[in-house]
Amino acid sequence: MIKGATLHRLRSGLAYLALCFGALAFLPGRSAVVALLACVVIFLGWGQLRPVARVIASLILLVAVLALVVNPDVLASAVQRMAGITGLILAVMLLSAVLSTSKDLAVISRSLFGGRAAARYLGLSLGTGVLAIPLNFGSVGLVATMIGKQVQDGGDDAATRNASRAVIRGFGASPMASPLSIAVALTVTLLPGLASWTLLVWSIPFALSYLLVGVWFRETEFGASSVLGVTDDSGVGEVHAFWPWVRFVGLALFISLEAYALNTRAGLTYSQAVTLSCLTVIILYLVITRLVVGTVNLPSMANVSNELAIMGGASFLGGALTVTALSSLGSDFALPGWAYAVAVTCIPWLFYAGGAVGVNPILTATVFGGVLGPIWPESSILGLGIAMVTGWGVTIAGTPYSANAILLERFTGYDARTASYGWNLSYSCFFLGLSSCLSAIVVAVSA
């Protein structure tokens, strides 16, 4: 039997190997290798998998066996989808792990807790959204840790609940507005003819409105307890937080611009471009750290089994469902002209309904994008993209099975269902309706 430490190193090594193959876009047969390595990492970490991850991992195995027997084309599509998202998942998680050692993050996170109630709420929501660009759900863990300390020291009150609202909403804006988000990368990959910058021109203003309107969807804070007292042992003030913010935002812009250049100039898919951009920053950061500090250690990737099972597995299952659906519908299938606006109106709500019962948005997006993308009129493909990324964002902020809700519950003690439905249900419904209207108008005008 393999010892625990050896198994830990083996999983980490295989995850790094999967990331390397995922970055080699030119290598023939890399999709099969990446998907196989990801599955090995998942099943080697079976003992650490959450129940939903075990269900998805079991479905991967079942669908793979059935596809081999019945229709190998289904397996080929599923493997390709899983490989495309696996490299991106691993690159983003490694970037988050590397950057989490930066001293700038401690300064940035402390700077978010100052000011009056409304200003503090906006700072936390916007700040979490910006932090989520390179850190993904690591941004929630970073800020929620400080909220949890406040709950532990000062007790539960309106201020800590509002801070928690701000964090989960800030992370919810990331899939809509971040050029590095899995939502944007997957949507652009699935919808032919949709450029990332075209989508972001529309989705970023929507995300900003999602964050700003939240000021009116929070509790009123009274008295001295409404001031969050986050201790700053280092005496770092707002002025001293300016340059850490500049460096961090500059880093996010560098990754985004490199991804854009690789996508448009080098001809890589957007997900591959983001993967390589993240790896570039990781390598530069580690080299600089080595030169300055003298030593550097690679973070362990042994604990990525849950993320690979849930997100990579959702993409695998979505790819299988897409081929099955397209085969059933036939090559000449098309919707009547009026139905496109109706379909795009329903998509954000279907994302949310799926998330409410534990369906990962990656699965929902893969099915909708894979089935509707090829038959959607190119002139109005933007409307479908808007519906997908905005519905995705509202879903992860407003349902209890998302990573940010689970992390918030772990660090603050606030129940994920309470945070999702008790605090955010009306807020989510308002923006789902707004997403539907905006998407339908874009489709109708572009038709």
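When we follow this note's numbering, the leftmost residue of the sequence shown carries the number 252, and every step to the right adds one.
All C-beta atoms, glycine included, are put in the ideal place defined by N, C-alpha and C.
What you are looking at is a predicted structure, and each value in this text was computed from that prediction instead of being measured.
Check	Outcome
Any idea what DSSP makes of S485, helix, strand or coil?	Its pLDDT being 47, under 50, S485 is placed unreliably in this model, and the value from its coordinates should be taken loosely. Coil at S485, not helix or strand.
Can you tell me where the alpha helix (DSSP H) with W600 in it begins and where it stops?	A590 to A607
If you count every other CB in all the chains shown that lies within 10 Å of the CB of F422, and 16 or more means buried, which is it?	buried
What do you reckon, are the CB atoms on A424 and A395 nearer than 8 Å?	no
Buried or exposed: which applies to S507, given that a residue is buried once 16 or more other Cβ atoms fall within 10 Å of its Cβ?	buried
For a test of the three-state rule: what should DSSP assign to M552, helix, strand or coil?	coil
Check whether the region 516 to 532 and the region 336 to 356 touch, using three or more Cβ-Cβ pairs below 8 Å as the test.	yes
For L437, collect the residues of the same chain with a Cβ closer than 6 Å to its Cβ; drop the 5 residues on either side in sequence, then sort them by chain order.	A616
On the three-state DSSP scale, how would you describe W674?	coil
Can you check whether the CB of N514 is closer than 8 Å to the CB of S447?	yes
In the structure shown, what three-state DSSP assignment does L470 receive?	Residue identity check: residue 470 is Glu in the sequence provided, not Leu. Here E470 sits in coil by DSSP.
Under a three-way DSSP split, which group does T526 fall into?	helix
Is it buried or exposed for A256, if we count other Cβ within 10 angstroms and need 16 for buried?	exposed
Below 8 Å between beta carbons: does that hold for T663 and V402?	yes
Measure how close the beta-carbons of T531 and G273 come, nearest whole angstrom, since I'm counting them as under 8 Å.	The Cβ separation is near 14 Å, so there is no contact.
Considering Q331, what are the terminal residues of the alpha helix (DSSP H) in which it resides?	P323 to L350
If the criterion is Cβ atoms closer than 8 Å, does the pair S347 and L295 meet it?	no
With H, G and I counted as helix, E and B as strand and the rest as coil, what does DSSP make of Y652?	coil
Determine the burial state of G581: buried for a count of at least 16 other Cβ atoms within 10 Å of its Cβ, exposed for fewer.	exposed
So does the region 593 to 613 actually touch the region 560 to 579, counting three or more Cβ pairs closer than 8 Å?	yes
Can you tell me the Cα-Cα spacing of R541 and L535, whole angstroms?	10 Å
Exposed or buried, what is L288 when buried is set at 16 or more other beta-carbons lying within 10 Å of its beta-carbon?	buried
Can you look up S477 in the DSSP assignment and give me helix, strand or coil?	Because the pLDDT of S477 is 46, which lies under 50, any placement of that residue in the model is unreliable, and the question is left without a value.
Do Y603 and V645 have their beta-carbon atoms positioned less than 8 Å apart in this structure?	yes
Rounded to whole angstroms, what's the CA-CA distance from M552 to A560? Just pull it up for me.	14 Å
Do P599 and L658 come within 8 Å of each other at the CB atom, strictly closer than that value?	no
Roughly how many whole angstroms lie between the Cα atoms of R262 and Q299?	12 Å
Between A654, Y665, G634 and N655, which lies nearest to C688 when the distance is taken from Cα to Cα?	G634
Assuming contact is defined by CB atoms lying nearer than 8 Å, are A383 and S429 in contact in what I supplied?	yes
Using 10 angstroms around the beta-carbon of S328, count the other beta-carbons present and answer buried if the total reaches 16, otherwise exposed.	buried
Between the region 318 to 327 and the region 580 to 596, can you find at least three pairs of beta-carbon atoms closer than 8 Å?	no
Please report the straight-line C-alpha distance between L504 and V547, rounded to a whole angstrom.	25 Å
Quick one: residues in its chain with C-beta nearer than 6 Å to the C-beta of T596, no 5 flanking neighbours on either side, listed in chain order?	S687 and A691
By Cβ distance below 6 Å, which residues in the same chain neighbour R420 in space, the five residues on each side in sequence not counted?	S376, G465 and A648
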